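Worksheet for the structure shown next.
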Amino acid sequence: MKLISIVVALLLLGNLSAQVPSSKNKKAEKYFAGAQHYFQAGENHRAIGELEKALQEDACYVDALLLMADIYRELRNDSLQVVYLETASKLGTEHAAKIDYVLGNTYYRQGKYDKSREHFQSFLSNSTEKNSMYPKAVEKLVQCEFALSLIENVVEFNAVSLGENVNSDFNDYWPSLTADGQTIIFTRLVGENGGSSVTGRFQEDFFISDFSDGEWQPAKPVQSLNTPDNEGAQSISADGKLLFFTACSQSGGYGSCDIYFSRNIGGTWTKPRNAGAPVNSPAWESQPSISANGEYLYFVSNRQGGVGGMDIWRCRLNDFYATGEPRWGQPQNLGETINTSGNETSPFIHADGKTLYFASDKLLGLGGFDLFYSVLTGDSVWKTPVNLGYPINTHKDEQGLVVEASGTRAYYSSDRPGSNGVDIYRFDLYEQARPTPVSYVKGKVFDKKSGHPVSAQIELVDVDKDKLLGKTASDQANGEFLMCLPLGNEYAFNVSKSGYLFYSENFALKEASDANNPFYLDIALEAIEIGNTTVLRNIFFDTGKFELLETSKTELGKLVDFMEKNPKVKIEIGGHTDNVGSAELNRELSHNRAKSVYNYLINSGVEAGRLNYQGYGFSVPVAPNDSDEGRAQNRRTEFKVVSKD
156 MKLISIVVAL LLLGNLSAQV PSSKNKKAEK YFAGAQHYFQ AGENHRAIGE LEKALQEDAC
216 YVDALLLMAD IYRELRNDSL QVVYLETASK LGTEHAAKID YVLGNTYYRQ GKYDKSREHF
276 QSFLSNSTEK NSMYPKAVEK LVQCEFALSL IENVVEFNAV SLGENVNSDF NDYWPSLTAD
336 GQTIIFTRLV GENGGSSVTG RFQEDFFISD FSDGEWQPAK PVQSLNTPDN EGAQSISADG
396 KLLFFTACSQ SGGYGSCDIY FSRNIGGTWT KPRNAGAPVN SPAWESQPSI SANGEYLYFV
456 SNRQGGVGGM DIWRCRLNDF YATGEPRWGQ PQNLGETINT SGNETSPFIH ADGKTLYFAS
516 DKLLGLGGFD LFYSVLTGDS VWKTPVNLGY PINTHKDEQG LVVEASGTRA YYSSDRPGSN
576 GVDIYRFDLY EQARPTPVSY VKGKVFDKKS GHPVSAQIEL VDVDKDKLLG KTASDQANGE
636 FLMCLPLGNE YAFNVSKSGY LFYSENFALK EASDANNPFY LDIALEAIEI GNTTVLRNIF
696 FDTGKFELLE TSKTELGKLV DFMEKNPKVK IEIGGHTDNV GSAELNRELS HNRAKSVYNY
756 LINSGVEAGR LNYQGYGFSV PVAPNDSDEG RAQNRRTEFK VVSKD
């Protein structure tokens, strides 16, 4: 049963019973009694009519003013609620302090932080610490001060709509981008059957758009994924080949909402499948974000073992079983640095693998859900979250932000002025909030002889740490691939397929600072045939020396693995140099370098009878020696198939 007291109904300030009408006007009391009846029956608009009559009879009728404010709070009309509360406050009612508290909350919701602060200060001045609401008022006052400090330190922000090819007459939100920024997939709230709704029923569907000729092309529905039910809150992998998303109340699901996935093979999305346990549980799971290297899936859940209501979790994606289901590690709660006693939502892990953007309704901000970022140090320690600031955040709810791989631009959805409902916008992200920039390598893998696409395994390894950073596979239908390359490191990039020589590439990005110059490779894999050669681009020596450097371990291990998987193959290790220095010195240097690789293979268990080595000096160049780039290409170690029987 509803309580008449505004203090009770709005803020649970105490178990006060309905106040005795205070007006001396009998007609006003009669109308007020009628309003009480309608209010308790849930007929708010009829109650308003009776209260208006009461206030016409007695404009200073405090209980009528408070009940009117209560009703407008239920109707989510903060502006009119404030009008009646302010009027009641000026009449010197005994509930003045409590009204101050209510007004403090209402002004805070409206983003009027100076007025909110004023009323909380008034409440605290006229209350004692014994008041059950005193600690909350102190907390609210801190929030006001923090919000005002954000407004006083405006961050750079200029949101630009993605235009009518993406945004529609419906609500468009939850953008998700591929690492190259060429494909966006988002959620649209459309009428039944994908069109305007006659019945007033709406559903969430996926739409996709490609960026070409300097603009986003008309978005199209993803027919193979959309159903008459809701699909939304999606995350597309860096290469655009894997999609995780949320669906609710599905047959065979684990809980109310589960996370599902689909693969893009040759441009077609496969039938969605449940991502399975332990990502999904009997609780609520939603809002997935897959890391660019495919190592972790971040998601939101209200499962047991969390810190607050909705928490952010992650699961390691170890691999996929032969049947296609993901093979997960155990779920990890991101801990109390990220998660609070409130709700944390919409995680987005940037392509750098360590910068997390998310929303929280508990961390200090501007009210509702604010956007924050935090940086991972080590494997599991998160830095204190930083509010993205005003005007990116406002007194409204902000959620669902993603950041391009380059780290310079962000995308989010908003109903800001000028939008048609909820639209998707992009903006330049100010420098302090940017993640580590990430470039990428993109291309195709194909058979050198036939030109047919090849589905090959692709690995990226940090050569300094000999640590696998990511793995993927080229598309079986067209051979396409994309892999992210965080700046500031040196990588070994290897492509392998049974029956072929593996392909080796090196990306030295320790000094690179520009993520806007990606790499494009057409990789022609050569079959294991006599005479075919592979350049080992991650074998390293100091200048003029032949001792293998520690950073060569990754490539050498790849070569050992190749020899173990192809026990009938015999190879020659060839050493090559540029033309700096005499022919004799270069021939000796290349001979010793080839021998160093030979000895490493022998010590790793490869039979000596399957190996030989040769130093060629600069007698077999692959590029002119008249430039630094050409000479670098000529300084190489390679292996050649000499027998496969």
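Just so we're aligned: 443 in the numbering used here is position 288 of the sequence shown, and the numbers increase by one with no gaps anywhere.
All C-beta atoms, glycine included, are put in the ideal place defined by N, C-alpha and C.
This structure is a prediction, so every number in the text was calculated from the model and none was measured.
The C-alpha of Leu531 is placed about 16 Å away from the C-alpha of Asn542. Counted as a single uninterrupted DSSP element, the alpha helix (DSSP H) harbouring Ser244 occupies residues Asp233 to Ser244.
In the DSSP annotation of this structure, Ser561 is not part of any alpha helix (DSSP H), being labelled neither H nor E. The DSSP-derived three-state label of Gln587 is helix. Cα atoms of Asp394 and Ala196: separation of roughly 56 Å, rounded to the nearest angstrom. Between the stretch 482 to 495 and the stretch 575 to 585, the count of Cβ pairs shorter than 8 Å is below three; the stretches do not touch. Contact between Arg692 and Asn661 holds, with the beta-carbon distance rounding to 4 Å and staying under 8 Å. At a cut-off of 3 residues, the continuous stretches assigned as beta strand (DSSP E) that sit fully inside the stretch 391 to 448 are 397 to 403, 412 to 420 and 440 to 445. For the beta strand (DSSP E) assignment, the uninterrupted runs of no fewer than 3 residues enclosed by the stretch 436 to 524 are, from N- to C-terminal side, 440 to 445, 451 to 456, 466 to 475, 481 to 483, 499 to 504 and 510 to 515. Exclusion of the five residues before and after Ile339 leaves Pro330, Leu332 and Ser364 as the residues of its chain whose Cβ lies within less than 6 Å of its Cβ. Val237 and Asp583 have their alpha carbons spaced roughly 37 Å apart. Out of Gly449, Pro486, Tyr476 and Arg482, the CA that lies nearest to the CA of Ile467 is found in Pro486. Spanning the alpha carbons of Tyr186 and Leu240 requires a straight line of approximately 19 Å. Secondary structure note for Cys639: its beta strand (DSSP E) is the uninterrupted segment Glu635 to Pro641.
Sequence-distant Cβ neighbours of Lys603 in its own chain, meaning closer than 7 Å and more than five residues away, are Ala679, Leu680 and Glu681. Per DSSP, the beta bridge partners of Ala679 are Phe601. Residue environment: Arg482 is assigned as exposed (fewer than 16 neighbouring CB atoms within 10 Å of its CB, all protein chains considered).
A residue is called buried once 16 or more other Cβ atoms fall within 10 Å of its Cβ, and Arg231, having fewer, is exposed. The beta carbon of Thr342 sits closer than 6 Å to the beta carbons of Tyr328, Trp329, Glu359 and Gly387 from its chain, once the five residues preceding and following it are set aside; these are given in chain order.
Taking C-beta atoms under 8 Å as the contact rule, Val600 and Phe657 fail to qualify, at a distance of about 11 Å. In this structure, Asn429 sits near Gly408, with a CB-CB distance shorter than 8 Å.
Distance from the CA atom of Ser178 to the CA atom of Gly189, rounded to whole angstroms, is 14 Å.
The beta carbons of Phe194 and Ala202 sit about 4 Å from each other, so the pair counts as a contact at 8 Å. Here the alpha carbon of Glu450 sits roughly 5 Å from the alpha carbon of Leu472. Excluding five sequence positions before and after Gln265, the CB atoms of its chain that fall closer than 7 Å to its own CB belong to Asp233 and His550, given in chain order. Under the three-state reduction of DSSP output, Ile306 falls in the helix class. Non-local C-beta neighbours of Asp474 in its own chain, meaning closer than 6 Å and more than five positions away in sequence, comprise Arg482, ordered along the chain. Taken in chain order, the unbroken stretches of alpha helix (DSSP H) that lie wholly in the stretch 667 to 755 and span 4 residues or more are 708 to 720. Taking the C-beta atoms as reference points, Gln405 is found no nearer than 8 Å to Leu398. Put simply, of Tyr545, Ala663, Gly770 and Lys665 the residue whose alpha carbon is nearest the alpha carbon of Ser304 is Tyr545.
Ala738 places its beta carbon 8 Å or farther from that of Thr792. Membership of Val796 in any alpha helix (DSSP H) is not indicated; the residue belongs instead to the beta strand (DSSP E) covering Arg791 to Ser798. According to the DSSP assignment, Ser277 belongs to the alpha helix (DSSP H) that extends over Tyr268 to Ser280. For Leu222, the enclosing alpha helix (DSSP H) has its first and last residue at Val217 to Glu229. Annotated three-state conformation of Lys551 is coil, per DSSP. Per DSSP, reduced to three states, the secondary structure at Asn326 is strand.
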